[in-house]
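There are 2 protein chains.
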Amino acid sequence: MKEQNIDIEEYTAIFKALAHPTRLTIAYNLMLKPECNVSKMCECLNIPQPTVSQHLSILKNAKVIVGHRNGNQTCYKVENLKVMRILKQIVSN
Amino acid sequence: MKEQNIDIEEYTAIFKALAHPTRLTIAYNLMLKPECNVSKMCECLNIPQPTVSQHLSILKNAKVIVGHRNGNQTCYKVENLKVMRILKQIVSN
DNA sequence: TGACAATATTCGCATATCGTAATATTCTTA
DNA sequence: TAAGAATATTACGATATGCGAATATTGTCA
Chain H
10 MKEQNIDIEE YTAIFKALAH PTRLTIAYNL MLKPECNVSK MCECLNIPQP
60 TVSQHLSILK NAKVIVGHRN GNQTCYKVEN LKVMRILKQI VSN
Chain E
10 MKEQNIDIEE YTAIFKALAH PTRLTIAYNL MLKPECNVSK MCECLNIPQP
60 TVSQHLSILK NAKVIVGHRN GNQTCYKVEN LKVMRILKQI VSN
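Protein sequence lines correspond, in order, to chains H and E. Its first residue numbered 10, the first sequence is counted upward by one per residue in our numbering. Its first residue numbered 10, the second sequence is counted upward by one per residue in our numbering.
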């Protein structure tokens, strides 16, 4: 019998990162829009900046999002194709 | 601006349930096969029965799987369409 | 009913996660 | 270089999660 080559560890890490309302909201919105910086997220979510940065850090470690600095601000976006496929599934159902 | 009607809480619960290697493995395999009872899972996973039952309970509470008794054993399967769409995405990528 | 198989639940403890607060770092610009 | 804006990190107490061990429940069948 042929083994399905799904990487359980990888997907577990992704799901773990998405398993929080704030982080799922961030990831979901980042998938819809091109990218976003931190202070705009804080404003939209109405959540303190350190908390948002912590969540961003978790999403980043799980390879759900990537960030790049532009001057003194950091823009984040979703690039991981596996993550994008998952997030697109939950849109508009 | 129109609100996207995605239920963050619902998907958070689903992702939380799937965010564990054992549970993701169980859910993934249940999506591939028609259904499975507990002792067969214990055997395949090589994990003690109480631990498997605990994970099944978590998956059940998150509406990821449903179980029905057949005599003195319980068969579980994935019926939730949202969950199936997510799990199908992670197959064969 | 008694014994056994299959599954579920409870308990206790170790570890992980969450959120707030405080502080540190990085970058820009005067 | 000093000040301020934007972001990141650390510390810590409260709560949640994971797992093994023990036990309870449910169903079958002699």
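All residues carry an ideal CB built from backbone N, CA and C; glycine is no exception. Note that this is a predicted model, so its numbers are computed, not measured.
From residue i to residue j, what does the alpha carbon distance come to, in whole angstroms?
i: R78 (chain H); j: Q63 (chain H); result: 17 Å
i: V87 (chain E); j: T21 (chain H); result: 18 Å
i: M40 (chain H); j: N81 (chain E); result: 46 Å
i: M93 (chain E); j: N55 (chain H); result: 33 Å
i: N70 (chain H); j: K91 (chain H); result: 15 Å
i: L65 (chain H); j: Y37 (chain H); result: 13 Å
i: P43 (chain H); j: T60 (chain E); result: 42 Å
i: T83 (chain E); j: K97 (chain E); result: 24 Å
i: R32 (chain E); j: L68 (chain E); result: 7 Å
i: K25 (chain H); j: I35 (chain H); result: 14 Å
i: I99 (chain H); j: C53 (chain E); result: 31 Å
i: C45 (chain H); j: I17 (chain E); result: 20 Å
i: H29 (chain E); j: E19 (chain E); result: 17 Å
i: Y85 (chain H); j: Y85 (chain E); result: 40 Å
i: I15 (chain E); j: I15 (chain H); result: 27 Å
What span of residues does the beta strand (DSSP E) with residue i cover, start to end?
i: N7 (chain E); result: For chain E, the structure presents residues 10 to 102; residue 7 (chain E) sits outside this window and is missing.
i: K86 (chain H); result: Q82 to K86
Name the two residues that bound the continuous alpha helix (DSSP H) containing residue i.
i: K97 (chain E); result: L90 to Q98
i: K25 (chain E); result: I17 to L27
i: P43 (chain E); result: Counting along the chain, P43 (chain E) falls outside any alpha helix (DSSP H), and DSSP gives it neither H nor E.
Can you find the residues in the same chain that come closer than 8 Å, C-beta to C-beta, to residue i, ignoring five residues on each side of it along the sequence?
i: Q58 (chain H); result: V47, S48 and C51
i: I95 (chain H); result: I23 and L27
What does DSSP give as the partner residue(s) for residue i in the beta ladder?
i: N55 (chain E); result: For N55 (chain E), which the question treats as bridged, DSSP gives no partner whatsoever.
Sorted by chain position, which residues of the same chain lie with C-beta nearer than 6 Å to residue i's C-beta, five sequence neighbours on each side aside?
i: V75 (chain E); result: E88
i: K11 (chain H); result: Note that K11 (chain H) scores a pLDDT of 45, beneath 50, so its modelled location is shaky and nothing firm can be said.
Once you ignore the five residues that flank residue i on each side, which residues in its own chain have a CB closer than 7 Å to its CB?
i: K72 (chain H); result: N89
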